[in-house]
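Per this note's numbering, residue 173 is the first one in the sequence shown, and the count goes up by one each step.
Ideal Cβ placement from N, Cα and C applies to all residues, glycine included.
These figures come from a predicted structure and were not determined experimentally.
Here's the structure we're looking at; comments come further down.
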Amino acid sequence: MTAPPLLLVAHGSRDPRHAATVLALREEVAAALPGVRVEVGFLDFCVPGVPQVLERLAAEGVRDVVALPLLLTRAFHAKADIPAVLRAATACLPRLRVRQAGVLGPSPLLTAALERRLHEAGLTPDRGLTGVVLASAGSSDPEASAVIAAIAREWRRTGWCAVRPAFASASLPRVADAVRALRAEGARRVAVAPYVLAPGRLPDRIARGAAEGGADVLADVLGAAPEVVALVVRRYREEGVAGAAAPEGLRAALGRPA
Numbered sequence: 173m174t175a176p177p178l179l180l181v182a183h184g185s186r187d188p189r190h191a192a193t194v195l196a197l198r199e200e201v202a203a204a205l206p207g208v209r210v211e212v213g214f215l216d217f218c219v220p221g222v223p224q225v226l227e228r229l230a231a232e233g234v235r236d237v238v239a240l241p242l243l244l245t246r247a248f249h250a251k252a253d254i255p256a257v258l259r260a261a262t263a264c265l266p267r268l269r270v271r272q273a274g275v276l277g278p279s280p281l282l283t284a285a286l287e288r289r290l291h292e293a294g295l296t297p298d299r300g301l302t303g304v305v306l307a308s309a310g311s312s313d314p315e316a317s318a319v320i321a322a323i324a325r326e327w328r329r330t331g332w333c334a335v336r337p338a339f340a341s342a343s344l345p346r347v348a349d350a351v352r353a354l355r356a357e358g359a360r361r362v363a364v365a366p367y368v369l370a371p372g373r374l375p376d377r378i379a380r381g382a383a384e385g386g387a388d389v390l391a392d393v394l395g396a397a398p399e400v401v402a403l404v405v406r407r408y409r410e411e412g413v414a415g416a417a418a419p420e421g422l423r424a425a426l427g428r429p430a
């Protein structure tokens with residue numbers, strides 16, 4: 173058996189940088205998964221859409237696909253939007269089986285990617301004097317907000333003088349307010365770490381908040397950081413191989429021990 177294709181499901185944006193970043197991630201994931209077909213489908217704004225990719229795969233005779241949401245928290249898109257899109261798309265494709273993999277976060281690999289981006293932005297390693305704003309796009313889903321707060325608490329334990337969550341939409345505090353709060357609490361330096369995968373309207377709002385609040389360092393989006401690539405590969409393997417019951421050839425194709 174061959175390994176099932178991997179469909180990376182991205183949100184999409186009118187900002188062309190968004191699609192370019194997602195496609196760059198696709199290239200890195202494909203390189204890390206030799207022998208696995210890796211496709212990208214968007215929920216909105218960009219092409220191809222998820223239904224179009226699935227229709228093309230089915231027309232080519234593909235019978236099994238792993239759909240992996242490029243999402244950092246399990247909020248509305250993961251719980252409702254993506255399952256609905258997959259159900260609607262496959263209703264007319266009865267021979268195609270689509271399995272939705274888990275979202276990317278939370279994961280220590282994402283925290284490592286945040287650290288990488290902060291270092292690349294010029295943040296020096298004196299953690300005890302530095303407060304970090306963990307800046308998420310934001311969600312009205314309380315589970316997603318709780319996850320961001322938990323990540324901030326765990327990250328604080330690695331030596332930063334403080335880590336505060338902040339949000340570009342839906343939840344409070346906003347990024348500028350979190351930057352000011354850290355400064356008021358005595359942080360000598362304040363860095364903003366966007367917990368987002370690709371550029372777009374909300375990441376731009378995070379950047380404006382960092383500037384408005386007077387942050388010393390603003391990291392880049394996570395994009396195709398090596399840790400993100402490794403995490404995508406891990407999530408695919410978790411879903412693509414059904415434990416020890418998977419055929420030996422499939423396990424070998426995915427790099428998993430028999």
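Could you check the C-alpha separation between alanine 402 and aspartate 187 for me, to the nearest Å? So the alpha carbons of these two residues sit roughly 26 angstroms apart.
Straight-line Cα distance separating alanine 175 from glycine 207: Rounded to the nearest angstrom, the two C-alpha atoms are 7 angstroms apart.
Completely contained beta strand (DSSP E) runs for the stretch 361-408, where each covers 3 or more residues: Within the stretch 361-408, the complete beta strand (DSSP E) runs of at least 3 residues fall at 361-366.
Applying the 10 Å Cβ sphere with the 16-neighbour rule, what's the burial state of serine 317? With 16 or more Cβ atoms within 10 Å of its Cβ, serine 317 is classed as buried.
With which residues is glutamine 272 paired in a DSSP beta bridge? Under DSSP, glutamine 272 takes part in a beta bridge, and its partners are Ala239.
Which full runs of the alpha helix (DSSP H) of 4+ residues lie inside the stretch 245-290, going along the chain? With a minimum length of 4 residues, the continuous alpha helix (DSSP H) runs that stay inside the stretch 245-290 are 254-263.
Exposure label - threonine 283; buried when at least 16 CB within 10 Å: Looking at its Cβ environment, which holds 16 or more other Cβ atoms inside 10 Å, threonine 283 is buried.
Rounded to whole angstroms, what is the Cα-Cα separation between alanine 263 and alanine 182? Cα to Cα, alanine 263 sits roughly 21 angstroms from alanine 182.
Going by the beta-carbon positions, is the gap between valine 364 and alanine 391 smaller than 8 angstroms? Closer than 8 angstroms, so yes.
Does the distance from the C-beta atom of valine 257 to that of proline 223 stay below 8 angstroms? By the CB criterion at 8 angstroms, valine 257 and proline 223 fall inside the cutoff.
Closest to glycine 233 by C-alpha separation, out of Arg355, Pro177, Pro220, would be which residue? Closest option to glycine 233, Cα to Cα, is Pro177.
Determine the DSSP secondary structure at valine 125, reduced to helix, strand or coil. Nothing can be reported for residue 125: it is not among the residues displayed for the chain, which extend from 173 to 430.
Roughly how many angstroms lie between the CA atoms of proline 314 and arginine 267, to the nearest whole one? Proline 314 and arginine 267 have their C-alpha atoms roughly 37 angstroms apart.
Give me the DSSP bridge partner(s) of proline 337. In DSSP, proline 337 forms a bridge with Leu306.
From glutamate 287 to alanine 231, what distance separates their C-alpha atoms? The alpha-carbon separation between glutamate 287 and alanine 231 amounts to approximately 43 angstroms.
Is glycine 412 helix, strand or coil by DSSP? Three-state DSSP puts glycine 412 in a helix.
Using the DSSP secondary-structure output, state which residues sit across from leucine 179 in a beta bridge. Glu211, Ala239, per the DSSP bridge assignment.
Cβ shell of alanine 416 (< 6 angstroms), same chain only, five flanking positions each side left out: Its pLDDT being 31, under 50, alanine 416 is placed unreliably in this model, and the value from its coordinates should be taken loosely. Cβ neighbours of alanine 416 beyond the five flanking positions: none.
Using CA atoms only, rank isn't needed, just tell me which of Val347, Gly213, Ala204 is closest to valine 194. Each of Val347, Gly213, Ala204 was checked against the Cα of valine 194, and the nearest Cα belongs to Gly213.
What three-state label does DSSP hand glycine 358 in the structure shown? Residue state for glycine 358 is assigned as coil, using DSSP reduced to three classes.
Could you tell me which residues DSSP puts in a beta bridge with glycine 221? Beta bridge pairing from DSSP links glycine 221 with Phe214.
C-alpha gap between glycine 310 and alanine 340, whole angstroms: Distance between the alpha carbons of glycine 310 and alanine 340: 6 angstroms.
Can you give the beta carbon distance from valine 405 to alanine 202, rounded, assuming they're within the 8 angstroms contact cut? Incorrect: roughly 10 angstroms between the Cβ atoms, too far for contact.
Where the alpha helix (DSSP H) through alanine 318 begins and ends: Where alanine 318 is concerned, the enclosing alpha helix (DSSP H) stretches over 314-328.
Cβ-based burial, threonine 400 [other Cβ within 10 Å; buried from 16]: Position check: residue 400 holds valine in this sequence, whereas threonine was assumed. Buried is the call here.
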